[in-house]
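Below you'll find the structure, written out as structure tokens, and then a few comments.
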Amino acid sequence: MSNAEHPPYLWHNHQLVRWEDATAHLTDHWWASVGAVFEGIRGYWNGTDAETYVFRLDAHLERLASSMRLVRMDDSFPPDVIQAAVCALIRANAYAGDVYIMPLAYSTGGRSFGSVGERVTNVFITSRPTTSALGEEHSLRAGFSSWRRIDESSMPPRVKAVANYRNSQLAASEAVLAGHDTALMLNAQGKVTEGPGSCVFFVRGGTLFTPDLSSGILESITRDSVLRIARELLGLRVEERTVDRTEAYLADEAFYCGTAAEITPIAAIDHHELRAGVPGPVTRQLGDLYHGLVRGTDSRFPEWRVPVGLAGQQLQSAQAVTHVPW
Ligand SMILES: Cc1ncc(COP(=O)(O)O)c(C=O)c1O
């Protein structure tokens, strides 16, 4: 990348645009972010194939379409258009390394909160060099937040709406100020939900378990991938169910999972050190398998990897590392 701060191009409303030339009018900020929805997607570089594989792009674009439908955006940016745009953008930025891709859909126009049909849908997509932490020894210490996770009665946690992340920010900043690395959140019923930007899994007595989709969590694509790897490749006993706070404290192992979080071991929860150490054996096994699958060094689940078509291109390999907030 010629410029360490940003890639050469982004995509905005059906066009590749040079980064410096991408503009929206100041007044478009008005209520645009309240209704905006987005995706966080990773592309993993495979040096042997000289190719970037976008992980589960179809699932992310299906979720983006669901998020857009829920906030009553029109269907002027269907998944096939965004899929072609994501691949074209990564090719245009011509970067030989891992990337984090973010399509964001926002509305402009409309005279009131309730105006439907008057608003115009806009989409921009960024793809920035972002290294993966898979394979590194790292872990986080978590603390339960006093902020409860948003739920279906007020805000829809199952979709990726920008406004939901105010709840995440409140929890994460409280946890950091209390001396933890990040948060875990309970729902209004006091059951475990997820982290501020990731889902969570626990292992106890050989069983892998995670809050179910009705606990108040995002319909996470990584969570779905982990469940499939655990069931289909490792033959583990797996449960999706409500999870009590004390089960988290008594777990042998725990880890966050998400596109940004990948698989991040949890070392302690509210200062309860997890018994199997970090990473525990199941977390390590899942992390190793996940790494091979996302990067394409493990050829199973080929439908999970979309090649963007970098073969034969002149690529830049600048080490501009972007931190993905989660
Ligand atoms: C609140 C929240 N939960 C869970 C996740 C994990 O979802 P996914 O695996 O689809 O990235 C994310 C990340 O996007 C998130 O923001």
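Counted the way the working numbering counts, the sequence shown spans residues 257 to 582.
Virtual Cβ for every residue (Gly too), placed ideally from N, Cα, C.
For clarity, every value in this text was computed on a predicted model and none was experimentally measured.
- Two segments are said to touch when three or more pairs of C-beta atoms, one from each, lie closer than 8 angstroms; by this definition the region 352–364 does not touch the region 480–488.
- A residue is called buried when at least 16 other Cβ atoms come within 10 angstroms of its Cβ; T502 does not meet this threshold and is exposed.
- Secondary structure note for R561: its beta strand (DSSP E) is the uninterrupted segment 561–563.
- Taking non-hydrogen atoms of ligand 1 into account, the C-beta of L474 is found less than 7 angstroms away from one of them.
- Annotation for W275: H262, P263, P264, Y265, L266 place their beta carbon closer than 7 angstroms to its own, counting only its chain and skipping 5 residues before and after.
- Setting aside the 5 residues that flank it on each side, E430 is surrounded in the same chain by S401, each with a C-beta closer than 6 angstroms to its C-beta; the list follows chain order.
- Boundaries of the alpha helix (DSSP H) around T478: 477–484.
- Within the model, the alpha-carbon separation for H281 versus R319 is close to 28 angstroms.
- By the Cβ test, the region 499–514 is not in contact with the region 362–374, since fewer than three Cβ pairs between them sit closer than 8 angstroms.
- About 6 angstroms separates the CB atoms of V564 and V310; that is less than 8 angstroms, so the two are in contact.
- Placement of the Cβ of E450 at a distance of less than 7 angstroms from at least one heavy atom of ligand 1 is found.
- The beta carbons of A523 and W582 sit about 17 angstroms from each other, so the pair does not count as a contact at 8 angstroms.
- Counting along the chain, P385 sits inside the beta strand (DSSP E) bounded by residues 376–385.
- For F465, the closest of V448, S289, R384, L571 by C-alpha to C-alpha distance is V448.
- Rounded to whole angstroms, the separation of the alpha carbons of L396 and A439 is 10 angstroms.
- For K416, the shortest C-beta to heavy atom distance toward ligand 1 is below 7 angstroms.
- Apart from the 5 residues on each side of it in sequence, A419 sits with its Cβ closer than 6 angstroms to the Cβ of V290 in its chain, given in chain order.
- Assignment of A532 by DSSP, reduced to helix, strand and coil, places it in the coil class.
- For E509, the enclosing beta strand (DSSP E) covers residues 509–514.
- No heavy atom of ligand 1 is found nearer than 7 angstroms to the CB of S323.
- Shown here for D508: same chain residues with a beta carbon closer than 7 angstroms to its own, the five before and five after excluded, namely V459, R460, L530, R531, A532, G536 in chain order.
- The beta carbon of W403 lies closer than 6 angstroms to those of L426, A427 in the same chain, with the five residues before and after it left out.
- For C455, the CB falls within less than 7 angstroms of some heavy atom of ligand 1.
- Bounds of any alpha helix (DSSP H) do not take in H394, whose DSSP letter is neither H nor E.
- About 28 angstroms separates the Cβ atoms of A278 and F369, ruling out a contact at the 8 angstroms cut-off.
- L542 places its beta carbon less than 8 angstroms from that of I519.
- Counting only runs of at least 4 residues, the region 317–345 fully encloses no alpha helix (DSSP H) element at all.
- Here the alpha carbon of A306 sits roughly 42 angstroms from the alpha carbon of M411.
- The beta carbon of A389 sits closer than 8 angstroms to the beta carbons of E518, T520 from its chain, once the five residues preceding and following it are set aside; these are given in chain order.
- Assignment of P537 by DSSP, reduced to helix, strand and coil, places it in the helix class.
- Your pair S424 and G453 checks out as a contact, with CB atoms roughly 6 angstroms apart and the cut at 8 angstroms.
- For Q570, same chain residues with a beta-carbon under 7 angstroms away, outside a window of 5 residues either side, are A350 in chain order.
- With a threshold of 7 angstroms, the Cβ atom of G491 does not count as near ligand 1, since no heavy atom of the ligand is closer than that.
- Residue pairing by DSSP places H268 opposite Q271, F380 in a beta bridge.
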